[in-house]
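In my numbering, the protein residues as written are 629 to 829.
Structure below.
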């Protein structure tokens, strides 16, 4: 499946079949799709919680106001961003470079994020959002459906998964085989509203 087909056919699915588990090889391919996603300074802020425990799934379903896809989907992933990733041994993000180039980039990274708490948080969320799209498009290419979710109490979810300090829950993603086709698309905004030429008027 080419990327344009995956983009056109990927829909947010809430009803999943109860069988068709995702093989480990396919799951590994989805995680690798995340690993090659772009991030600022190659920081790779994402931390993915794969929830397999049934009791935890039910707790998370309560935190998500009873939405059935939490327990019904083959996979439930919680994408979290490490806000402090920029300062956790940043040399490792550029370990394949020569030392002088590595030092140059790491120093630039530190200067860019230091003392900018909002930027640090924004970057973690941005990275997770890009990773989520990579994950969902890869899933569609492998024949799976998905649903990115923000309909939950983030504080409750954080407590359930024991979220570390300086991490943020960005979204949950359910994965599996759709039990029924998605409905019609809600509608797109006009192109002249979406695309701005040069400046806003």
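Heads up, the beta-carbon is just placed ideally off N, CA and C, and yes, glycines get one too.
All values reported here derive from a predicted model rather than from experimental measurement.
Does residue 865 come out as helix, strand or coil in the three-state DSSP assignment? Any question about residue 865 goes unanswered here, given that the chain covers just 629 to 829.
Just to check my reading of the structure: residue 704 and residue 685 have Cβ atoms closer than 8 Å, yes? What is that Cβ distance to the nearest angstrom? For the purposes of this step, residue 704 is taken as the residue at position 76 of the chain shown. For the purposes of this step, residue 685 is taken as the residue at position 57 of the chain shown. Sure, about 6 Å apart at Cβ, within 8 Å.
Specify whether the segment 765-783 and the segment 739-747 touch according to this definition: at least 3 beta carbon pairs, one from each stretch, less than 8 Å apart. no
Run of the beta strand (DSSP E) containing residue 706, from where it starts to where it stops: As a working mapping, residue 706 is identified with position 78 in the chain shown. Segment 703-710, the beta strand (DSSP E) holding residue 706.
For residue 768, would you say it is in contact with chain D, using Cβ-to-Cβ distances shorter than 8 Å as the test? Judged by its chain identifiers, the structure shown contains no chain D, having just a single protein chain.
Please confirm whether residue 701 and residue 644 have their CB atoms less than 8 Å apart. Here residue 701 is taken as the residue at index 73 of the chain shown, counted from 1. Here residue 644 is taken as the residue at index 16 of the chain shown, counted from 1. A contact, by the Cβ cut-off of 8 Å.
Which runs of the alpha helix (DSSP H) spanning at least 4 residues fall entirely within the segment 655-728, listed in chain order? 682-691, 697-700
Quick check: what's the CA-CA separation for residue 756 versus residue 798? Your numbering for residue 756 matches position 128 in the chain shown. Your numbering for residue 798 matches position 170 in the chain shown. Between residue 756 and residue 798, the C-alpha separation is close to 7 Å.
Residue 687 to residue 802, Cα distance in whole Å? What you label residue 687 is simply residue 59 of the chain shown in a count that begins at 1. What you label residue 802 is simply residue 174 of the chain shown in a count that begins at 1. About 15 Å.
Leaving aside the five residues before and after residue 719 along the sequence, list all residues of the same chain whose C-beta is less than 7 Å from its C-beta, in chain order. Here the question's residue 719 lines up with position 91 in the chain shown. Cβ within range, chain order: 730, 734.
In angstroms with no decimal places, state the Cα-to-Cα distance between residue 713 and residue 674. Translated into positions along the chain shown, residue 713 becomes position 85. Translated into positions along the chain shown, residue 674 becomes position 46. Approximately 9 Å, taken between the alpha carbons.
Beta bridge counterpart(s) of residue 773 as assigned by DSSP: If you number the chain shown from 1, residue 773 lands on position 145. Residue 773 pairs with 804.
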